[in-house]
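Trainee: Pasting a structure here, questions to come.
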Amino acid sequence: MTQQSSRRIGVLMGGWGEDEVSMKTGEAIALALEANGHQVARLFAGNALDTTLREAGVDVAFLALHGRMGEDGRVQGLLEVMGIPYTGSGVLGSALAMNKGFAKKLFRQHNLATPTGYVVPASKLKDVPTLHADLGFPCVVKPASSGSSVGLTLVHTREQLEPAIALACRFGGEALVERFVKGREVTVAILDGEVLGTCEVSHDGSVFDTQTKYDGGARYHLPPRVPATRVANIEQMALTAARSLGCRGAVRVDFIVPEIGNEVVLEVNTLPGMTRTSLFPKIAKAAGLSFEDLVERILEGAAMDGAHLHAAPTVERTETQVEAHAS
Ligand SMILES: Nc1ncnc2c1ncn2[C@@H]1O[C@H](COP(=O)(O)OP(=O)(O)O)[C@@H](O)[C@H]1O
Ligand SMILES: [Mg+2]
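Its first residue numbered -2, the sequence shown is counted upward by one per residue in the working numbering.
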């Protein structure tokens, strides 16, 4: 390989949530990087991540993390502080995408339809009857900041509502309650600000639950079984959704496409699953991009939010200035 093979690439996996998927994603990425001729260090992300990165002498971090810490901007913040470029979205884009309540506000500001709903912090369970108002049933209750359908419940009755919210709050302290939108599940893969392709996922359940997601109970339709003009509109919406949060790199945007009525954005995934059988690589393959090529493209996009700040000259302070600052 060229130049790049002299850089040491740390593949960050494991971490603070959705570890099993993350380890699979990490291993698949590490193997692809090695096949491309790179030096790879497989790094288990945990509370001593700064030491781990320093000891491994990593030049670039390839993030294979999912969920809390790894996908929500915190690990990105650590890498910014350490001056290590990393793959995927920056601190703000990651944080906004992970917080579904905030992300939905931004989608609305950009005229993107998203299911009607509300956010409940664990401390406000008593306000649920007022907050729910005429939202009706069925509704979907999910953690406001989590992924992989963990802690998600399809709620049919008022009696089921509070227990479902309490369960969702166990994953991060806030629940998002949304009107259930019946329709096809469609996901758009975006790479470096351009649509790679769009796929429909069908399954037998009412929601795409964790088991179906990972145990192979899903069927994939590439392209989706909806008219091409509608797919084009969904793809435009996906680009707007990713831009509205300031995301970069590989991003997957999830939609529900009802038979009648507007398609709605559910969420933007800033570190989509990247095992060989995950959705993003499937879409990439249909677009003519092999898994190894996809991993290489993502690596090429590794960056830091504050790259321009590092280039700024440092100003030496005089002793008087330091004292004035400290007081
Ligand atoms: N408002 C909704 N209406 C219908 N189905 C939903 C709704 N919200 C979530 N789902 C179902 O739950 C799955 C996971 O929801 P999503 O918001 O994408 O969270 P995550 O993938 O981060 O767990 C979706 O793929 C879909 O099957
Ligand atoms: Mg999703």
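We put the beta carbon where it would ideally sit given N, CA and C, even for glycine.
Here the structure is a predicted model, which is why all the values come from computation and not from measurement.
Kindly list the residues whose CB is nearer than 8 angstroms to the CB of Thr22, restricted to its own chain and excluding five residues on each side of it in sequence; keep chain order.
Mentor: For Thr22, where only same-chain residues beyond five positions count, the Cβ hits under 8 angstroms are Met10, Ala61, His63, Gly270, Met271, Thr272 and Ser275.
Trainee: In chain order, what residues of the same chain have a beta carbon less than 7 angstroms from the beta carbon of Glu267, not counting five sequence neighbours either side?
Mentor: In the sequence on display, residue 267 carries Thr and not Glu. Around Thr267: Glu68, Gly85, Ser86, Gly90, Ser91, Ala94, Cys244 and Val248.
Trainee: From what residue to what residue does the beta strand (DSSP E) around Glu15 run?
Mentor: Note, Glu15: premise wrong, no beta strand (DSSP E); not H, not E.
Trainee: Can you check the segment 31 to 115 for any beta strand (DSSP E) of at least 3 residues that lies completely inside it and give the ranges in chain order?
Mentor: DSSP runs (the beta strand (DSSP E)) wholly in the segment 31 to 115: 36 to 42 and 57 to 60.
Trainee: Identify the continuous alpha helix (DSSP H) that holds Met234 and give its terminal residues.
Mentor: Looking at the DSSP string, the run of the alpha helix (DSSP H) that includes Met234 is Ala225 to Ser241.
Trainee: Glu15 to Asn44, Cα distance in whole Å?
Mentor: The straight-line gap from Cα to Cα measures roughly 16 angstroms.
Trainee: Less than 8 angstroms between the beta carbons of Val183 and Pro224, yes or no?
Mentor: No, these two residues do not count as a Cβ contact at 8 angstroms.
Trainee: Let me check understanding here. Comparing Cα to Cα, which of Ile187, Thr237, Gln106 and Asp251 lies closest to Pro278?
Mentor: Among Ile187, Thr237, Gln106 and Asp251, the Cα nearest to that of Pro278 is on Ile187.
Trainee: Could you give the distance in angstroms between the alpha-carbon of Glu256 and the alpha-carbon of Gly54?
Mentor: When rounded, the distance between both Cα atoms is 52 angstroms.
Trainee: May I have the straight-line CA-CA distance separating Val125 from Ile253, to the nearest angstrom?
Mentor: Val125 and Ile253: Cα-Cα distance of roughly 25 angstroms.
Trainee: Considering Val147, what are the terminal residues of the alpha helix (DSSP H) in which it resides?
Mentor: From DSSP, Val147 is part of no alpha helix (DSSP H); its letter is neither H nor E.
Trainee: By the 10 Å Cβ neighbour count, where 16 or more other Cβ atoms means buried, how is Ala323 classified, buried or exposed?
Mentor: Any reading at Ala323 must be qualified, since the residue scores a pLDDT of 49, below 50, and its modelled position is unreliable; no value is offered.
Trainee: Tell me whether the beta-carbon of Gly298 lies closer than 8 angstroms to the beta-carbon of Gly246.
Mentor: Yes; because the gap between Cβ atoms is below 8 angstroms, this pair is in contact.
Trainee: On the CB-based measure, 16 or more other CB atoms within 10 Å of its CB, does Lys102 come out buried or exposed?
Mentor: Answer is exposed; the Cβ neighbour count stays below 16.
Trainee: Look at the Cβ atom of Val72, then the Cβ atom of Leu46, and state whether they are nearer than 8 angstroms.
Mentor: Contact: yes.
Trainee: From Pro140, Val88 and Val78, pick the residue whose C-alpha is nearest to that of Lys97; which is it?
Mentor: Checked all of Pro140, Val88 and Val78; the closest Cα to Lys97 is Pro140.
Trainee: Is the beta carbon of His129 less than 8 angstroms from the beta carbon of Val192?
Mentor: Cβ distance not < 8 angstroms, so His129 and Val192 don't count as in contact.
Trainee: May I ask you to check if the CB of Leu291 is nearer than 7 angstroms to at least one heavy atom of ligand 2?
Mentor: No - ligand 2 has no heavy atom lying nearer than 7 angstroms to the Cβ of Leu291.
Trainee: From Thr36 to Met66, what does the alpha carbon distance come to, in whole angstroms?
Mentor: For the sequence presented, residue 36 should be read as Gln rather than Thr. Cα-Cα distance, rounded: 25 angstroms.
Trainee: Taking only heavy atoms of ligand 2 into account, decide whether any of them is closer than 7 angstroms to the Cβ of Asp251.
Mentor: It does: the Cβ of Asp251 is within 7 angstroms (strictly closer) of some heavy atom of ligand 2.
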